[in-house]
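Heads up, the thing below is written out as structure tokens.
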Amino acid sequence: MFQSDKKSPLERVQKSLYSRDDRFPESPRHDLHARDESVPEEWKGEEPRPEEVKGSMKKIRKAYSYLFVAAFGFFLVAAAIGGYTLFGGKNFVSVQNVDILIEGPSSVAGGDVLALNVSVVNRNTTGIELVELVAEYPEGTKDPEYPERDLGKVRFPLGDIGSNSIAQKTLRSIMFGPEGTGREIKFSAEYRTAGSNAIFFKEKSYRVAVSSSPVLVAIDALSKVLGGQSSDMVVTVSSNTPSPVKDLLLSLEYPFGFSVVSATPQPSYGNNIWRIGDLAPGAKKSFAIRYSLEGQDGEEKVVRANVGIQSQSNEREIATTIISRDHSFAIERPFLALDVALNGERADLAAEPGKVVRADILWQNNSQGRISGARIEAKLSGNVLDKGSVSVENGGYYDSLSNAIVWEAGRTAGLDSLAPGESGRVTFSFSSVSSIPGESAINPLISVSASAQGGRVDESGAPQEVLAASGRSVKLVSNLSLSARVLRSQGPISNSGPVPPRVDQPTTYTVVWTVTNTSNSITGARVEAALPPYVSWTGVTSPADANISYNPTGGIVTWNVGSVPRNASVGSGAKQVAFQVSFKPSANQVGSAPEIVSQASIVGLDTFTGATLRNSAQSLSTRTSSDLFYKAGDEAVQE
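As numbered in our numbering, the sequence shown has no gaps in its residue numbers, which increase by one up to the final residue, 639.
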């Protein structure tokens with residue numbers, strides 16, 4: 001390559017910088033000239049015509065339209081190919097080709113068995129695997145084979161279903177619900193496909209109507225009641241099906257101002273819920289409620305009775321209501337109001353035998369005029385009444401032959417003329433016999449029936465008789481008793497160890513508890529006692545399957561007695577249990593007879609009175625005086 005002799009401007013500048021001669025010759029100066037920046041005000045070329053512009057725009061829009069149509073067409077083709085590949089391809093499963101077919105009646109009688117033939121159909125060209133039919137029943141639906149069991153959500157494995165194949169299952173259930181209502185069962189088929197862990201499903205619902213109720217409910221009560229006066233109501237639940245109805249619950253809804261005085265049988269929960277349990281075909285159960293109703297004159301109140309299947313999650317609630325019935329009461333305000341209070345309470349009383357009961361008969365004139373010549377009478381009934389205990393105040397007199405107490409004008413102050421709005425009371429007292437005779441030993445009670453009468457002049461000036469009535473009852477509670485004794489050489493359990501007990505050597509004892517009862521049945525009875533720290537529980541009991549337990553925390557021994565029948569005595573229905581304890585004395589207990597079981601207490605519910613009964617038995621020590629072979633000194637700890 002030849003190098004040019006001609007130097008570039010940069011090389012010439014470099015040479016000048018390093019030259020010994022004059023550095024830089026003077027550069028000529030140049031003047032700056034202003035540029036003409038003016039813009040023409042008119043187009044120099046020919047102005048385009050409007051039709052040419054429109055034509056150009058149409059061409060552009062048309063091109064874009066073709067492009068959009070082509071893109072959309074491509075999308076449709078891609079979607080079709082994808083859908084076919086996913087759902088309709090020869091080797092793929094489409095959920096649209098899986099179906100659930102349900103055959104069964106459109107209605108069923110409540111409490112009858114509902115049979116449904118359910119089929120899972122696979123119309124795909126390949127099979128589906130691990131198929132499960134899931135049925136979700138409405139709450140309260142029962143299993144015909146185990147009527148006490150709720151069905152809820154149930155799974156039925158169907159295995160694999162091949163191409164264009166079907167799997168069938170017959171499902172049976174017992175449906176409940178108010179007559180004419182619909183009940184819905186939800187079905188789903190869950191399955192997998194070959195080579196995939198994903199779970200696919202198909203859903204379908206089936207609705208069936210409840211054509212009739214398996215139970216009927218009736219309310220027998222007055223349609224008009226006197227405000228504040230006691231009245232009676234009977235609710236009857238009867239079977240309406242040839243099959244037993246399981247786990248029934250009766251729930252009453254009371255209006256404001258409704259007070260329950262008493263109920264037979266006693267409510268299972270609160271004052272308005274009864275557990276009916278199982279109702280056999282053709283059977284009926286009645287529930288009597290004595291009540292009082294407060295309200296304004298002419299006001300209407302409604303009581304509703306609901307019967308249904310008891311909830312398994314909450315025993316106080318109805319899972320499925322089978323039938324409901326309403327009863328309306330019209331409140332009338334009496335001209336003369338009368339009520340009875342026992343020991344200060346306007347309600348029935350549960351009392352111990354032999355205890356004195358105070359009774360007050362309360363009256364009030366609700367009319368706009370005076371009531372004259374009033375007479376009040378109280379009648380006592382019941383063969384457990386101690387006639388000699390009756391004491392009367394306020395000028396009344398007692399006729400022991402008729403068991404009637406009478407207060408009347410001329411003898412009792414204030415009864416000659418009762419002013420409008422005036423109120424008052426008369427009082428007496430009585431008691432039951434202390435020892436209840438055998439013929440009266442079942443559900444003993446004393447009834448108090450009060451009545452009043454007088455005269456008034458109505459709005460037309462005509463004389464009118466005024467009447468009033470009320471009543472209460474005194475129910476005698478049962479005598480639930482507990483006795484405790486300790487044995488060494490007798491009883492159902494064999495014991496070991498030295499007698500008298502010796503320091504640091506264990507000696508075992510048998511503790512025996514016995515429960516007796518008198519007039520009324522007892523439920524939920526329970527006995528508790530505590531073992532001191534130096535006494536241990538061996539776990540030996542008699543009978544071996546006795547419902548007795550020991551809690552090391554606190555050393556509590558608990559015996560769940562359960563039900564105790566009326567008139568349960570030793571040798572005839574009494575409940576008894578025995579258990580063994582081991583006592584290992586310390587040096588500081590030498591010469592003493594240490595306690596080995598604390599005082600035992602018993603609690604139970606009196607089913608007749610509704611009262612909770614309590615009693616206790618003495619604590620037990622090493623003094624085995626109940627043992628036939630006991631001798632003085634056997635109780636004292638020796639070294």
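Cβ coordinates follow ideal geometry from the N, Cα and C atoms, glycine included.
So Ala401 packs on Ala409, CB below 8 Å; how close in whole Å?
As a working mapping, residue 401 is identified with position 401 in the sequence shown. As a working mapping, residue 409 is identified with position 409 in the sequence shown. According to the sequence displayed, residue 401 carries Leu and not Ala. With a Cβ gap of about 23 Å, Leu401 and Ala409 do not count as contacting.
By how many angstroms is the C-alpha of Gly127 removed from the C-alpha of Thr193?
Taking the sequence shown and counting its residues from 1, one reaches residue 193 at position 193. Taking the sequence shown and counting its residues from 1, one reaches residue 127 at position 127. The alpha-carbon atoms of Thr193 and Gly127 are separated by roughly 7 Å.
Are the stretch 292-305 and the stretch 511-523 touching by the rule of at least three beta carbon pairs closer than 8 Å?
No, because fewer than three Cβ pairs between the stretch 292-305 and the stretch 511-523 fall closer than 8 Å, the two stretches do not touch.
By the DSSP assignment, the beta strand (DSSP E) with Arg463 in it spans what residues?
Position 463 of the sequence shown, counted from the start, is the residue given in the question as residue 463. Sequence check: residue 463 is Pro here, not Arg. Taken as a continuous stretch (DSSP letters only), the beta strand (DSSP E) holding Pro463 covers Pro463 to Leu476.
Can you tell me whether Gly182 is buried or exposed, with buried defined as 16 or more other CB within 10 angstroms of its CB?
The residue labelled residue 182 in the question sits at position 182 within the sequence shown. Counting Cβ neighbours within 10 Å, Gly182 comes out exposed, since fewer than 16 surround it.
Please classify Leu476: is it buried, with 16 or more other beta-carbons within 10 angstroms of its beta-carbon, or exposed?
Here residue 476 refers to the residue found at position 476 when the sequence shown is read from its first residue. Under this definition Leu476 is a buried residue.
Between His327, Ala636 and Gln296, which has its C-alpha nearest Glu253's C-alpha?
Here residue 253 refers to the residue found at position 253 of the sequence shown. Answer by Cα proximity: His327.
Give the straight-line distance between the Cα atoms of Gly180 and Gly524, rounded to the nearest whole angstrom.
What you label residue 180 is simply residue 180 of the sequence shown in a count that begins at 1. What you label residue 524 is simply residue 524 of the sequence shown in a count that begins at 1. So the alpha carbons of these two residues sit roughly 41 Å apart.
Using only CA atoms, which one of Ser598, Leu380, Met175 and Val466 lies nearest to Val340?
Looking up residue 340 in the sequence shown gives position 340. With distances taken between Cα atoms, Val340 lies closest to Leu380.
Have a look at Asn588 and Ser582 and give me their C-alpha separation to the nearest angstrom.
Start at 1 with the first residue of the sequence shown, and residue 588 comes out as number 588. Start at 1 with the first residue of the sequence shown, and residue 582 comes out as number 582. Between Asn588 and Ser582, the C-alpha separation is close to 18 Å.
Starting from Gly424, follow the beta strand (DSSP E) in both directions and report where the run begins and ends.
Taking the sequence shown and counting its residues from 1, one reaches residue 424 at position 424. Ser423 to Ser431 is the span of the beta strand (DSSP E), which, as asked, contains Gly424.
Quick one: grab the DSSP three-state call for Gln589.
For the purposes of this step, residue 589 is identified with residue 589 of the sequence shown, where counting begins at 1. Here Gln589 sits in helix by DSSP.
Roughly how many angstroms separate the alpha carbons of Val486 and Thr507, rounded to a whole number?
The residue given as residue 486 occupies position 486 in the sequence shown. The residue given as residue 507 occupies position 507 in the sequence shown. Distance between the alpha carbons of Val486 and Thr507: 13 Å.
For Glu635, count neighbouring C-beta atoms within 10 Å of its own C-beta (all shown protein chains included) and say buried if the count is 16 or more, exposed if not.
As a first step, residue 635 is located in the sequence shown; it is residue number 635 there, counting from the start. By the neighbour-count rule (16 or more Cβ atoms within 10 Å), Glu635 is buried.
Quick one: what does DSSP say Asn122 is sitting in, helix, strand or coil?
If you number the sequence shown from 1, residue 122 lands on position 122. In this structure, Asn122 counts as strand in the three-state DSSP scheme.
Can at least three beta-carbon pairs, one atom from the stretch 566-574 and one from the stretch 494-503, be found at a separation below 8 Å?
With the cut-off at 8 Å, the stretch 566-574 and the stretch 494-503 do not touch.
Between the stretch 441-450 and the stretch 592-601, can you find at least three pairs of beta-carbon atoms closer than 8 Å?
The stretch 592-601 is not in contact with the stretch 441-450.
Which residues in the same chain as Ser4 place their Cβ atom closer than 6 Å to its Cβ, once the five residues preceding and following it in sequence are excluded?
Counting from 1 along the sequence shown, the entry for residue 4 is found at position 4. The predicted position of Ser4 is uncertain, since its pLDDT is 48 and thus under 50; no value can be drawn from it.
Along the beta strand (DSSP E) that carries Phe583, what are the first and last residues, could you check?
Residue numbering aside, residue 583 sits at position 583 when the sequence shown is read from its first letter. It spans Lys575 to Phe583 - the beta strand (DSSP E) in which Phe583 sits, taken as one unbroken run.
Enumerate in chain order the residues of its own chain whose CB-to-CB distance from Pro255 is below 7 Å, with the five nearest sequence positions on each side excluded.
Here residue 255 refers to the residue found at position 255 of the sequence shown. Correct list, in chain order: Lys301, Val302 and Val303.
Restricting to Cα atoms, I'd like to know which of Tyr398, Leu226 and Tyr206 is closest to Glu377.
Counting from 1 along the sequence shown, the entry for residue 377 is found at position 377. Closest by alpha carbon: Tyr398.
May I have the straight-line CA-CA distance separating Gly89 from Val108, to the nearest angstrom?
Position 89 of the sequence shown holds residue 89. Position 108 of the sequence shown holds residue 108. Its pLDDT being 45, under 50, Gly89 is placed unreliably by the model, and nothing is read from it.
Less than 9 Å between the beta carbons of Ile322 and Ser251, yes or no?
Within the sequence shown, numbered from 1, the residue matching residue 322 stands at position 322. Within the sequence shown, numbered from 1, the residue matching residue 251 stands at position 251. Going by C-beta atoms, Ile322 is not nearer than 9 Å to Ser251.
Counting C-beta neighbours from all protein chains within 10 Å, is the total for Ala359 16 or more, i.e. buried, or is it exposed?
Against the sequence shown, residue 359 aligns to sequence position 359. Flag for Ala359 reads buried.
Helix, strand or coil, according to DSSP, for Phe87 in the structure here?
What you label residue 87 is simply residue 87 of the sequence shown in a count that begins at 1. Interpretation of Phe87 is limited by its pLDDT of 49, a score under 50 that renders its predicted location unreliable; no figure is taken from the coordinates.
Are the CB atoms of Phe187 and Ser163 nearer to each other than 9 Å?
For the purposes of this step, residue 187 is taken as the residue at position 187 of the sequence shown. For the purposes of this step, residue 163 is taken as the residue at position 163 of the sequence shown. Going by C-beta atoms, Phe187 is not nearer than 9 Å to Ser163.
Give the straight-line distance between the Cα atoms of Ser481 and Asp278, rounded to the nearest whole angstrom.
Locating residue 481 in the sequence shown gives position 481, where the first residue counts as 1. Locating residue 278 in the sequence shown gives position 278, where the first residue counts as 1. Using only the alpha carbons, I get a separation of about 33 Å.
Quick one: measure Cβ to Cβ for Ile405 and Gly396, integer angstroms, because I've assumed they're closer than 8 Å.
For the purposes of this step, residue 405 is taken as residue 405 along the sequence shown, with counting starting at 1. For the purposes of this step, residue 396 is taken as residue 396 along the sequence shown, with counting starting at 1. Right, the Cβ-Cβ distance comes to about 5 Å (below 8 Å), so this counts as a contact.
On the DSSP bridge assignment, give the partners of Ala330 in chain order.
By one-based count along the sequence shown, residue 330 stands at place 330. The partner list for Ala330 (beta bridge, DSSP) reads Lys224 and Glu300.
Using the Cα positions of Gly344 and Leu338, report the straight-line distance between them to the nearest angstrom.
Here the question's residue 344 lines up with position 344 in the sequence shown. Here the question's residue 338 lines up with position 338 in the sequence shown. Using only the alpha carbons, I get a separation of about 15 Å.
Where does Pro612 land, buried or exposed, given buried means 16+ other C-beta within 10 angstroms?
Residue 612 sits at position 612 when you count from the first residue of the sequence shown. A small correction: the amino acid at residue 612 is Thr; Pro does not occupy that position in the sequence shown. Looking at its Cβ environment, which holds fewer than 16 other Cβ atoms inside 10 Å, Thr612 is exposed.
When the Cα of Ser521 is compared with those of Gly177, Glu528 and Pro565, which residue comes out closest?
By one-based count along the sequence shown, residue 521 stands at place 521. Among Gly177, Glu528 and Pro565, the Cα nearest to that of Ser521 is on Pro565.
Can you name, in chain order, every residue of its own chain whose Cβ lies under 8 Å from the Cβ of Arg325, other than the five neighbours on each side?
Numbered from 1 along the sequence shown, position 325 holds the residue referred to as residue 325. Result list for Arg325: Val217, Ala218, Ile219, Arg304 and Ala305, in chain order.
Select from Pro585, Ile446 and Asn547 the residue whose C-alpha is nearest the C-alpha of Pro533.
Counting from 1 along the sequence shown, the entry for residue 533 is found at position 533. Out of Pro585, Ile446 and Asn547, Pro585 has the C-alpha closest to the C-alpha of Pro533.
Please classify Arg456: is it buried, with 16 or more other beta-carbons within 10 angstroms of its beta-carbon, or exposed?
As a working note, residue 456 is residue 456 in the sequence shown. Per the 10 Å Cβ criterion, buried.
For Ala350, which residues in the same chain have their Cβ closer than 6 Å to its Cβ, ignoring the five residues on either side in sequence?
Position 350 of the sequence shown, counted from the start, is the residue given in the question as residue 350. Counting only Cβ-Cβ distances below 6 Å, and skipping sequence neighbours, we find Lys475, Val477, Thr609 and Ala611.
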